[in-house]
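Using numbering that gives the first Met the number 0, the letters of the sequence shown map in sequence onto residues 0 to 175.
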Amino acid sequence: MIARAIALMFLGWASGFLWFVLALPGPAADERSDAVIVPTGGAGRIARGLEVLDKGLAEKMLVSGVAPEVRAQEFAAEFGVSEARMDCCVTLGFAAFDTRSNAAEAAKWVAQNDIGSIRLVTSDWHMRRAAGELDRALPRTVRVIRDAVPTEGHFSVLLLEYHKLLASRAAGLVGY
0 MIARAIALMF LGWASGFLWF VLALPGPAAD ERSDAVIVPT GGAGRIARGL
50 EVLDKGLAEK MLVSGVAPEV RAQEFAAEFG VSEARMDCCV TLGFAAFDTR
100 SNAAEAAKWV AQNDIGSIRL VTSDWHMRRA AGELDRALPR TVRVIRDAVP
150 TEGHFSVLLL EYHKLLASRA AGLVGY
């Protein structure tokens, strides 16, 4: 009986992991939003967020989870952002240190800037968890467009992220 229960649990876990890997989210269509939010941590995220601004698909961008020692001028130089673009449109957020605090930082910024719709730009393997945390932190009235940056996820990254997603969903069920 116990062996059967363990086998069923493993089968459920393995099926979920297979779904997670084979159905990674993709890039969003060119749909307009008030702002774009980019959590730091993965290649291509900031470049995609800046592309969204350049295309006129959003007016503002929050880069959440920037290291405290990074200065706006350094960020601008690294990513080729003009001073005018930094002043009007790019906010560097220094309060976040993980996905949950990215969501909290983003929710605070959304409220302060009276934003009704956002485009979340993050890695494909990170999208489900980041969007889930953001959905819990934002008011239901804020529309979220999921814009996943395709990656070449290594097995270990995918496995770790799958477990983090499971933990995040469990925490959401118990109200944590």
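From the three backbone atoms N, C-alpha and C, an ideal C-beta is built for every residue, glycine too.
Note that the structure is predicted; figures quoted are calculated from it, not measured.
Close CB contacts of Arg128 within its chain, under the 8 Å cut and outside five residues either way in sequence, are with Thr98, Glu160, Lys163, Leu164, Ser167 (chain order).
In the DSSP assignment, no residue is bridged to Thr150. When the five nearest sequence neighbours on each side are left out, the beta carbons in the same chain lying within less than 8 Å of the beta carbon of Phe78 are those of Ile45, Ala46, Leu49, in order along the chain.
For Val120, the closest C-alpha among the options Leu10, Phe96, Ala4, Ser32 is that of Ser32.
Under the three-state reduction of DSSP output, Val141 falls in the coil class, being neither helix nor strand. Assigned with DSSP and collapsed to three states, Ser116 falls in strand. When the beta-carbon positions are compared, Gly15 and Thr39 stay at least 8 Å from each other. Taking a cut-off of 8 Å on C-beta distances, the stretch 17-34 does not touch the stretch 66-82, as fewer than three cross pairs fall below it. The Cβ atoms of Ala57 and Ala103 lie no closer than 8 Å to each other. Bridge pairing for Thr121: Ala147 [DSSP]. DSSP lists Pro38, Gly92 as the beta-bridge partner residues of Ser63.
DSSP places Asp53 in the helix class (H, G or I) of the three-state scheme.
Taking the CA atoms as reference points, Phe96 sits about 10 Å from Pro67.
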